[in-house]
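Below: the structure, in structure tokens.
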Amino acid sequence: MRGSVLPIENNLEETILNFIKEAFDKKCIEAVILPKRIPSGDSFAYLLIKDKSILEGASPFPPVIPVQGAKAISSLTRQGSVKKKILAIMHPCEIRATIELFKLKQTTLNNLIFMSYDCPGVLPLSDYLENPDENDQTFLAAQQKWDSKDMRPVCKICTEFSAPASDLHIGQLGTDEGKIFLIPNSSVGKEFLNAFGLNSDVPLDEWEAEVEKLKKERENNKKDAQEKLKTKVEGPENLLETLSSCITCHNCMRVCPVCYCRQCYFDSDAFKFPPDNFISKSEKKGSIRLPSDTLIFHLGRMSHMIHSCVSCGTCEDACPMDIPIAQIFNLVADKTQQVLDYKPGRNIEEPLPTVTYQEEELQEFEKPYSETYIKVEETNV
Amino acid sequence: MNKNFTPKIIYFMCNWCGTGGAESASAHHLYYPENVLPYRVNCTGSLSTVLILRAFIDGADGVIISGCHPGDCHYEDGNFRERKRVATIKSIIESLGLEEDRIWFRYVAHGEGKRFVDTTTEFNDYIKKIGPNPLKERSDT
Ligand code: SF4
Ligand code: SF4
Ligand code: SF4
Ligand code: FES
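In structure tokens form, the structure reads like this:
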């Protein structure tokens with residue numbers, strides 16, 4: 001792989017903002033989508049910026065993800081493609097979710113140029129809100145040292161933190177002090193850099209080696225974290241105990257980028273039952289919890305979308321009860337995506353597992369029949 | 001094996017082959033355990049994951065799904081769609097340490113009365129061996 005080198009002026013943020021301003025001037029783009037601190041100062045929001053003076057003080061590398069970027073993109077393109085060239089800067093998990101939404105026909109990507117970066121992670125949203133000023137400092141230090149100790153649990157174990165299927169990627173790993181790599185990651189990215197006047201002829205071996213190294217580290221972290229999580233959630237006792245504080249607010253579903261349904265099944269009339277149904281259940285079990293159906297909501301939601309779960313952690317950030325819901329989804333997604341041989345956001349051409357079926361696949365899930373099965377005992381029915 | 005335990009088993013079968021298998025069994029006067037409750041769906045491809053989960057979480061000790069053999073589905077690939085859903089659900093359940101083997105997927109064709117009866121009996125015996133589904137007693141699901 002080859003890319004361009006960009007010198008860092010003052011700091012990374014400023015360098016990227018200046019780069020965007022120059023892209024405006026060179027007519028490479030007509031607008032940009034990126035986060036900016038909200039006026040109250042304690043959070044960030046995505047802005048579609050047409051006037052480049054508004055870029056002043058924007059935050060291409062925010063310390064939190066209050067709204068998943070894929071949601072921002074799909075809200076923009078709900079009624080069709082954008083006609084102007086727009087650059088969108090987002091975390092790798094947000095770009096991966098956008099790709100899933102594209103495959104699900106919930107967004108169009110024409111004229112959008114996606115820029116990703118080696119992501120050190122972000123802070124838990126609720127922690128951040130407690131003291132934004134102090135946490136800005138914590139984040140800055142963590143970002144510079146690639147130290148994930150204060151980052152969200154899913155960030156600590158994220159192995160897809162670098163170059164997703166974006167158009168342009170900012171490589172920070174393996175660079176000399178004071179430099180970053182700009183890596184064209186698609187034909188659109190290449191054209192962009194050409195139009196900008198940058199040659200992409202610098203070898204990226206060191207970046208690739210560093211990314212691999214961190215990936216290995218994160219993979220090990222993930223193994224350990226998943227083993228630890230299992231001791232808390234595995235089995236009916238543990239799982240129901242972990243979910244017992246769930247207030248079924250369905251926030252986790254509403255903020256999830258890949259749970260795009262306008263009417264969620266679990267909020268619909270198909271999921272409501274007459275009183276007799278509850279009474280007969282409580283007769284059988286002695287009592288039932290109201291509202292019911294916590295477990296079927298979570299497992300059912302997984303069964304709808306787990307193949308596309310990008311482990312972005314947005315659900316966990318939104319949970320008012322501190323349930324490690326994204327960590328649980330990550331555990332399940334890892335296993336299920338491996339079985340289905342699918343990685344969300346890996347490749348825009350790769351079809352969703354829910355739309356392709358082959359005769360010769362997943363045969364291990366068929367229970368083999370042996371003609372010679374002999375009934376155990378006649379008497380015990 | 002607990003001899004006093006009569007499991008509750010939900011048997012989802014497609015309207016064509018699955019049900020045809022059950023009909024063949026009755027034509028040949030073959031008997032299947034009466035605690036196996038057949039539940040007919042048009043094609044296994046129309047059986048949603050949530051319905052299977054509802055059975056698994058809310059009262060059944062085991063769930064079996066039978067549709068047409070590969071290539072025989074009356075709607076092209078409904079059986080393969082369902083196989084993928086079963087693979088998904090079983091992977092979800094397994095990764096959370098719940099008992100994925102309480103859900104079986106096996107093709108049964110029209111005319112395969114013996115295969116239908118063997119399947120019900122084999123599954124019934126298996127579920128008796130592993131005992132009641134702990135989820136069905138829980139009031140906090
Ligand atoms: S849980 Fe299922 S029905 Fe609800 S929004 Fe997600 S995918 Fe759609
Ligand atoms: S389930 Fe949670 S971690 Fe997975 S994509 Fe949705 S919000 Fe992100
Ligand atoms: S956000 Fe948390 S409390 Fe609300 S439904 Fe999801 S897991 Fe339960
Ligand atoms: S009609 Fe039998 S599985 Fe589709």
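Note that the protein sequences, when read in sequence, are chains U and G. Heads up: the first sequence begins at 1 in our numbering, then just goes up one per residue. Heads up: the second sequence begins at 1 in our numbering, then just goes up one per residue. Every residue gets a Cβ at the ideal spot worked out from N, C-alpha and C, and that includes glycine.
- For P38(G), the nearest beta carbon of chain U is not closer than 9 Å to its own beta carbon.
- Taking the C-beta atoms as reference points, P7(G) is found no nearer than 9 Å to K90(G).
- Inter-residue distance for R102(G) and G235(U) is about 14 Å (C-alpha atoms, whole angstroms).
- Distance from K84(U) to A31(U) at the Cβ level is roughly 6 Å; contact confirmed, criterion being Cβ atoms closer than 8 Å.
- For M302(U), the residues of chain G that pass the 7 Å Cβ criterion are I92, in the order they occur in the chain.
- Counting along the chain, the unbroken alpha helix (DSSP H) around S126(U) starts and ends at 125-130.
- The Cβ atoms of T44(G) and R81(G) sit closer than 9 Å to each other.
- Here G189(U) is near S166(U), since their CB atoms are less than 9 Å apart.
- With a cutoff of 8 Å, A318(U) counts as near ligand 3, since its C-beta is closer than that to a heavy atom of the ligand.
- Assignment of P134(G) by DSSP, reduced to helix, strand and coil, places it in the helix class.
- At the C-beta level, R78(U) and C158(U) stay beyond 9 Å of one another.
- Taking CB atoms only, R289(U) has a neighbour in chain G less than 9 Å away.
- In chain order, F80, R83, K84, V86, A87 make up the part of chain G whose C-beta sits under 9 Å from the C-beta of L362(U).
- Shown here, P70(G) sits in coil according to DSSP, grouped into three states, outside any helix or strand.
- The three-state reading of DSSP puts Y126(G) in helix, counting H, G and I together.
- Here V339(U) carries a helix assignment [DSSP, helix/strand/coil].
- For R40(G), the uninterrupted beta strand (DSSP E) segment begins and ends at 36-41.
- Segment contact: the stretch 106-114 of chain G against the stretch 245-255 of chain U, fewer than three CB-CB distances shorter than 8 Å; contact not assigned.
- Shown here, F5(G) sits in coil according to DSSP, grouped into three states, outside any helix or strand.
- Contact of P132(G) with chain U is not assigned, every C-beta pair being separated by 9 Å or more.
- In this structure, I183(U) places its C-beta atom within 9 Å of the C-beta atom of W207(U).
- Neighbourhood of V67(U) in chain G, by CB distance below 7 Å: empty, with the nearest CB roughly 27 Å away.
- With its beta carbon less than 9 Å from one in chain G, T336(U) belongs to the interface.
- A direct Cα-to-Cα measurement between P132(G) and G121(U) gives close to 44 Å.
- With a threshold of 8 Å, the Cβ atom of I325(U) counts as near ligand 3, since some heavy atom of the ligand is closer than that.
- C319(U) is positioned such that its CB atom lies no closer than 9 Å to that of V258(U).
- If you compare the alpha carbons of I180(U), L290(U), Q327(U) with that of T314(U), the shortest gap goes to Q327(U).
- In the displayed model, L6(U) falls within a strand according to three-state DSSP.
- Interface annotation, D293(U): in contact with chain G, CB-CB separation under 9 Å.
- Against chain G, a Cβ distance below 7 Å from K367(U) picks out W104, F105, R106.
- Distance from S303(U) to I9(G) at the Cβ level is roughly 21 Å; contact not present, criterion being Cβ atoms closer than 8 Å.
- Per DSSP, the beta bridge partners of H169(U) are S116(U), I183(U).
- Legend: CB atoms of the stretch 47-71 of chain G lying less than 8 Å from CB atoms of chain U belong to residues T49, V50, L53, R54, I57, D58, G59, P70, G71.
- About 6 Å separates the Cβ atoms of I180(U) and I8(U), confirming a contact at the 8 Å cut-off.
- Proximity of chain G to L299(U) at the Cβ level (cut-off 7 Å) is accounted for by L53, I92, in chain order.
- Distances from the CB of L243(U) to the heavy atoms of ligand 3 include at least one below 8 Å.
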